[in-house]
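*Asks:* First the structure, which I've put down as structure tokens, then a few questions once you've had a look.
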Amino acid sequence: MECSCPITRCEGCEVAMRRVGGCMKTSGRACWVACLPPLPNFVLTKAAFWPPSREYFFYQESTVDGVVKRTKLKKANKASLNQSWLFGFDHPCYKPLNPKYIECFTIETRKQHYLACVLIRAPSKAPGYTLIYSHPNGSDLSDHFHGVPSLADIAKYLNADIVIYDYSGYGVSSGESNDKSIFADIEGVYQVSGKRYLEAWGIEPQTSRMRSARSTPELCP
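Numbers 27 to 247, taken from the working numbering, label the letters of the sequence shown in order.
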């Protein structure tokens, strides 16, 4: 997320160093994509998926003897299934999401990967339909709750519930990112989201994969 906190001199140096490090990381990744190993299938897979560093977590709160205890989930697993989670982000700029309209949960795909998912409810008691949003390859869940507009704003404007998820290997989701995993991810999210008034919304190749999974799931490898 973009930081709006006042920047001190030390923090300014840290920002500059991070930018230099980011340039070096990008150059190194380009070499890794093209050269290690230089086989077409490996190159395409590595070039297609760019998981960012995880900047968020799911958590639950419980009160024991008057003390609030927070249990964090940084990587989804089998034990995290069938539970409700809250969305956390360690940064002063972060404004907690309203749990009345936000539900975090995890699902298991047929590849036995565990995905982080978030349901954003429309303020209306009778939303017109549900959107499944597949985010760009270089982002994760945390990049789509703060912005202009945010997914919460879009859900309100369209009077629609929105389901967003992280692909295998992204954010809190477990597993490894590749074409076969993406098909299993989309199929799993589609199945738990229900089939009535369901629409696909995404950027880049994920939208076509979503529509393929929706119309002919038996063809998804």
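Don't be surprised by glycine CBs; every beta carbon is placed ideally from N, CA and C.
Leaving out five residues on either side along the sequence, give the residues of the same chain with a beta carbon under 6 Å from the beta carbon of VAL218.
*Replies:* The residues are ILE133.
*Asks:* Closer than 8 Å is the cut-off here; do at least three beta carbon pairs connect the segment 135-142 with the segment 188-196?
*Replies:* Yes, since at least three Cβ pairs between the segment 135-142 and the segment 188-196 fall closer than 8 Å, the two stretches touch.
*Asks:* When burial is assigned at 16 or more other CB atoms within 10 Å of the CB, is THR97 buried or exposed?
*Replies:* That one is exposed.
*Asks:* Just how far apart, CA to CA, sit SER207 and ALA105?
*Replies:* The alpha-carbon atoms of SER207 and ALA105 are separated by roughly 21 Å.
*Asks:* Could you name the residues of the same chain whose beta carbon sits closer than 7 Å to that of TYR85, not counting the 5 residues immediately before and after it, in chain order?
*Replies:* Closer than 7 Å at Cβ, skipping near neighbours: ARG96, THR97, LYS98, LEU99, TRP111, LEU112, GLY114.
*Asks:* For the beta strand (DSSP E) holding GLU134, just list the boundary residues, first then last.
*Replies:* It spans 128-134 - the beta strand (DSSP E) in which GLU134 sits, taken as one unbroken run.
*Asks:* For a test of the three-state rule: what should DSSP assign to TRP58, helix, strand or coil?
*Replies:* Any reading at TRP58 must be qualified, since the residue scores a pLDDT of 49, below 50, and its modelled position is unreliable; the value itself is stated next. Correct three-state label for TRP58: helix.
*Asks:* Straight-line CA distance for ASN108 to GLY154?
*Replies:* If you take the alpha carbons of ASN108 and GLY154, they lie about 26 Å apart.
*Asks:* Please classify GLU87: is it buried, with 16 or more other beta-carbons within 10 angstroms of its beta-carbon, or exposed?
*Replies:* So GLU87 counts as exposed.
*Asks:* Using a 10 Å radius around the Cβ and a threshold of 16 neighbouring Cβ atoms, would you call ARG147 buried or exposed?
*Replies:* Buried, since its Cβ has 16 or more Cβ neighbours within 10 Å.
*Asks:* Would DSSP call ALA186 helix, strand or coil?
*Replies:* Here ALA186 sits in strand by DSSP.
*Asks:* Do you know offhand how far GLY164's Cα is from SER79's?
*Replies:* For GLY164 and SER79, the distance between alpha carbons rounds to 10 Å.
*Asks:* How big is the Cα-Cα spacing for VAL198 and ALA152?
*Replies:* Each residue's Cα considered, the two are about 30 Å apart.
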